[in-house]
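**Student:** Below are the structure tokens for one structure; questions will follow.
2 protein chains.
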Amino acid sequence: MFPGIDTGTFAGPPAATAVFTTVLTEGPVSRVALARRLGLSSAAVTKAARPLIDLGYLHELAATERSGPGAGRPASPLAVRAEREFFLGVKITADEVIGVVCDLRAQVHASARRSLDHPDVDAVLTEVGRLADDLFDAFSGDRTRVRRLGLALSGDIDRSTGLVRYSPFLHWRDVPLGRLAAQRTGLTVTVENDVKALTAAEHWFGEGVGAESFALVTVGTGIGCGLVVNGRLVSGTYGVAGEIGHLTVDATGPDCHCGGRGCVESIAGTDAIVAQARDRTGRPDLTFDEAVTLARGGHEQVRAVFTRAGGAIGCGIAAVANLVGPTRIVVSGEGLAAYDLFDSHIRTSFERQAFGAAARCPLSIRPLPFEEWARGAAAVGIQSLVVP
Amino acid sequence: MFPGIDTGTFAGPPAATAVFTTVLTEGPVSRVALARRLGLSSAAVTKAARPLIDLGYLHELAATERSGPGAGRPASPLAVRAEREFFLGVKITADEVIGVVCDLRAQVHASARRSLDHPDVDAVLTEVGRLADDLFDAFSGDRTRVRRLGLALSGDIDRSTGLVRYSPFLHWRDVPLGRLAAQRTGLTVTVENDVKALTAAEHWFGEGVGAESFALVTVGTGIGCGLVVNGRLVSGTYGVAGEIGHLTVDATGPDCHCGGRGCVESIAGTDAIVAQARDRTGRPDLTFDEAVTLARGGHEQVRAVFTRAGGAIGCGIAAVANLVGPTRIVVSGEGLAAYDLFDSHIRTSFERQAFGAAARCPLSIRPLPFEEWARGAAAVGIQSLVVP
DNA sequence: ATCAATACTTGAAGAAGTTAAATATTCGCC
DNA sequence: GGCGAATATTTAACTTCTTCAAGTATTGAT
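Residue numbers (my numbering), protein chains in the order written: chain A, 52 to 439; chain B, 52 to 439.
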């Protein structure tokens, strides 16, 4: 049972995987509840759970106060032993690497950052290695229980092989990052696109828990979207998916660097906002932060730029809701440092453009720090332990 | 094995279902090829195939000329015995019911139509019943082998219960159409949204065969889209999905009846085209067909209406490609009777707005007669026999 | 204390798939 | 024509996973 558990692969009977992922993502659950939830007999759950308990991945919670209607033996819910295993997660940006140590439930136990001078492969690997050392130093738990490292970066990534096919901001092509980082750190490495990693984290450990379909939108220089449909992350046959930033929302809008016109990103991307704000204020050196300050201060013309941007983002989100009908949508990203300026405009625009019942889809709009992105990378590591 | 095969349910071991659907959708295949394709041992395929052969659903093809490199026992490919079972499929529109008889491979063997006076439930059921009789009359095969009827109509449908939650054009709400039609005809009935049914048919028996993800866009009065992602039809948590017609493509465009602005449908829907053409020509009684004639005849201003419409549709299709990255997209619908006027504009706009590799997604633009929609309904019946 | 209700466990039985060996059929070559 | 390599399919023994049915455990209510 679970033959390779010590070599880093968590393979067992399907029921065991199902039981473990359910307990992991949906908190303490009794065996009967699991059986109903998964369409298994309770005998199967008992049997599937035992080795997981023996290996220390699950444990029985003390029977809590009854909630049920009356008689009967109280349930002893199964819960994940979060400290059974720890995971490093690292988000790679153009000028920084941000890392965290997470437990099995994706709780952050330590975090660290290192700046990046040159984005060439070797320098990044070196800094990732040092960051891992820093994280080990900052981590007070059992270091021997850290066996996996997740890396997240933007671009076209092949998760199954750990290959970075193309990363525009690092100017990398076909870099076998997974293999290289595994050599450097001695850990089992998973590599994933950063937006997808964040989406996976929210799907398993955040607001997406229990949702059959789910979307996460990130707003920043680029505007991206991770999509979970029918319980699975969408990848796109040609490697393109979730490109919400390049949906047309205004046929008469500005040309976009992608070759299209009136794309969401060409209106609401950070660069587009800065360009428009410079134009409206006549200050060619205005920064994004200054534009935010002006808008918060009540500068009408700069506010209008954010209003339009929020409207474009809302249209993009409505497009996601109209096309795939996710259970809920989380809107986030660095750019949302200014989310007070966007929030209501995104909602208004979304509600107007969402078709019928699609407008019932709840929207969470909240900023996420880079540590959350690193946590997303760790979450992919957790997933790859559980569902190889 | 396959205990309920005679009562209308085709339930067997997973491998048997997998083998049968693969042979059904991907034509004659040898057992080894199936084993490789499905990740099974060839012994498992042999065992799974035997009862299917015994029951007459599959048969062995005579070994054809070798194609392989040389020696070895020639494969005896498994093929579906299409005449083992037949299916009725009926598409319900506001003023007509269109029906076909299909075999297991969704080949049409007979078709018929009946017009509809009043779209109330009873009248529709009566006409569907008569249409079924007409189809039986026109069908020269073994009538006892027809056990299933598929119904397709636009609106919000719960396929699992056969309930029509809401159908705008029939003004129905919460009609248990599946149960009623089963009583009336004595057949096992499946009910599905028409666009989804057509998508399912193309996915199993048309251009979508073998595609992990696939989209079908229908252009007409409404503009809709059926979506298959990760091999499964997308339904949308709140019942809304594939509403490509209500994506915003022009923030400065006309108001749409949905409450939004600049929706694809408000620019490229049949009604919108007629309205614009009337406006440009100053002829308030112009029909769609007349507008088509004018445009084909070179009327510049009416041509411009079609050009704009094609551009909007292309943007909508690009949105699908950018968000879910389907393997291929089929564009169709009644409105495409005028597809010569749209085709190049749809393609141009799609190619401009598709992001990066998403532009590699092949587009098929072709009209489909109503009989094809009825075939879609039958295809849903086939699917529900195979994968209950 | 006893009973009904609910949760969990156990062991036998069954289903589904795998492995390994046997069988079948062909081609190329002598 | 016979032989061996190559490939396809079948068979039988075995493994694994799950369910079923019957038991045990623990509680609240009477």
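We put the CB at the ideal spot given by N, CA and C, even for glycine.
1. Does any residue of chain A bring its CB to less than 9 Å from the CB of N244 of chain B?
2. Could you tell me the alpha carbon to alpha carbon distance between R235 of chain B and S435 of chain B, rounded to whole angstroms?
3. Counting only Cβ pairs nearer than 9 Å, list the residues of chain A close to P79 of chain B.
4. Taking a Cβ distance cut-off of 9 Å, strictly less, list which residues of the region 404-429 of chain A are near chain B, in chain order.
5. Excluding five sequence neighbours on each side, which residues of the same chain lie with their C-beta closer than 7 Å to the C-beta of D64 of chain A?
6. Contact between the region 364-378 of chain A and the region 392-410 of chain A is defined here as three or more beta-carbon pairs at a separation below 8 Å; is this criterion met?
7. Less than 9 Å between the C-beta atoms of V268 of chain B and G348 of chain B, yes or no?
8. Establish whether the CB of D301 of chain A and some CB of chain B are separated by less than 9 Å.
9. Does E263 of chain B have its Cβ less than 9 Å from a Cβ in chain A?
10. Helix, strand or coil for N244 of chain B per DSSP?
11. Looking only at C-alpha atoms, which of B:A302, B:E253, B:T299, B:D301 sits nearest to L278 of chain B?
12. Do you know whose CA, among A:I149, A:E134, A:R329, lies nearest R194 of chain A's CA?
13. Quick one: does C9 of chain A have its CB under 9 Å from some CB of chain B?
14. Anyone know if the C-beta pair for L238 of chain A and K142 of chain A falls short of 9 Å?
15. Since V246 of chain A contacts G293 of chain A with CB under 8 Å, what's their CB separation in whole angstroms?
16. At a CB-CB cut-off below 7 Å, which residues of chain A make contact with A292 of chain B?
17. So which residues on chain A does L283 of chain B lean against when the C-beta distance must stay under 7 Å?
18. For R199 of chain B, which beta-bridge partners are listed by DSSP?
19. What in chain A is Cβ-close to A342 of chain B, meaning under 7 Å?
20. Output yes or no for whether 9 Å exceeds the beta carbon distance between V291 of chain B and G206 of chain A.
21. Between the C-alpha atoms of A66 of chain A and V325 of chain B, what's the straight-line distance to the nearest angstrom?
22. Taking only beta-carbon atoms, is A319 of chain B less than 9 Å away from chain A?
23. For V242 of chain B, which residues in the same chain have their Cβ closer than 6 Å to its Cβ, ignoring the five residues on either side in sequence?
24. Once DSSP output is grouped into helix, strand and coil, what is the label at V269 of chain B?
25. CB-CB under 8 Å to N281 of chain B, same chain, minus the five flanking residues each way: which ones, in chain order?
26. Please state if the CB of V431 of chain B and the CB of A248 of chain B are separated by a distance shorter than 9 Å.
27. Suppose you measure from the CA of V226 of chain A to the CA of G275 of chain A; what does that come to, to the nearest Å?
28. Compare the C-beta of G35 of chain A against all C-beta atoms of chain B and say whether one is closer than 9 Å.
29. Given this structure, state the Cα-to-Cα distance separating A328 of chain A from S317 of chain A, to the nearest angstrom.
30. Return yes when the Cβ of V343 of chain B is within less than 9 Å of the Cβ of L392 of chain B, no when it is not.
31. At a Cβ threshold of 9 Å, is T72 of chain A touching chain B?
32. Counting only runs of 4+ residues fully inside the region 296-384 of chain A, write out the alpha helix (DSSP H) ranges in chain order.
33. Please decide whether P54 of chain B counts as near chain A, where near means a Cβ-Cβ distance under 9 Å.
34. Run the CB neighbour count on S92 of chain A, radius 10 Å, all protein chains shown included, and call it buried at 16 or more, exposed below.
35. I'd like to know whether the C-beta atoms of G427 of chain A and T250 of chain A end up nearer to each other than 9 Å.
36. Considering only residues of the same chain and omitting the five flanking positions on each side of L186 of chain A, which have a CB-CB separation below 8 Å?
**Tutor:** Looking at the coordinates:
1. Cβ-Cβ to chain A under 9 Å: no for N244 of chain B.
2. 20 Å
3. In chain order: nothing, as chain A lies at least about 26 Å away.
4. Within the region 404-429 of chain A, the residues whose Cβ lies closer than 9 Å to some Cβ of chain B are Q404, A405, F406, G407, A408, A409, A410, R411, C412, listed in chain order.
5. The amino acid occupying residue 64 of chain A in the given sequence is Pro; Asp does not appear at that position. A99, listed in sequence order.
6. yes
7. no
8. yes
9. yes
10. Strand, per DSSP.
11. B:E253
12. A:E134
13. Any property of residue 9 of chain A remains undetermined from this structure, which presents chain A solely from 52 to 439.
14. no
15. 7 Å
16. L374, V375, G376
17. A small fix is needed here, since residue 283 of chain B is Arg in this sequence, not Leu. Per Cβ cutoff of 7 Å: N281.
18. DSSP output for R199 of chain B lists B:F138, B:T239 as bridge partner(s).
19. Simply none; closest approach about 21 Å.
20. no
21. 57 Å
22. So, not an interface residue.
23. L202, I208, G213, L228, G229
24. Inspection of the sequence shows that residue 269 of chain B is occupied by Thr rather than by Val. T269 of chain B falls in the strand class under three-state DSSP.
25. Once the five neighbours on either side are set aside, the close Cβ partners of N281 of chain B are E263, S264.
26. yes
27. 22 Å
28. Because chain A here runs from 52 to 439, residue 35 of chain A falls outside it and cannot be looked at.
29. 13 Å
30. yes
31. no
32. 316-319, 321-332, 339-347, 351-375
33. Caution applies to P54 of chain B, whose pLDDT of 42 falls short of 50 and renders its modelled position unreliable; the model cannot decide the point.
34. exposed
35. The answer is yes: Cβ separation under 9 Å.
36. L139, G150, V151, V152, A161, S162, A163
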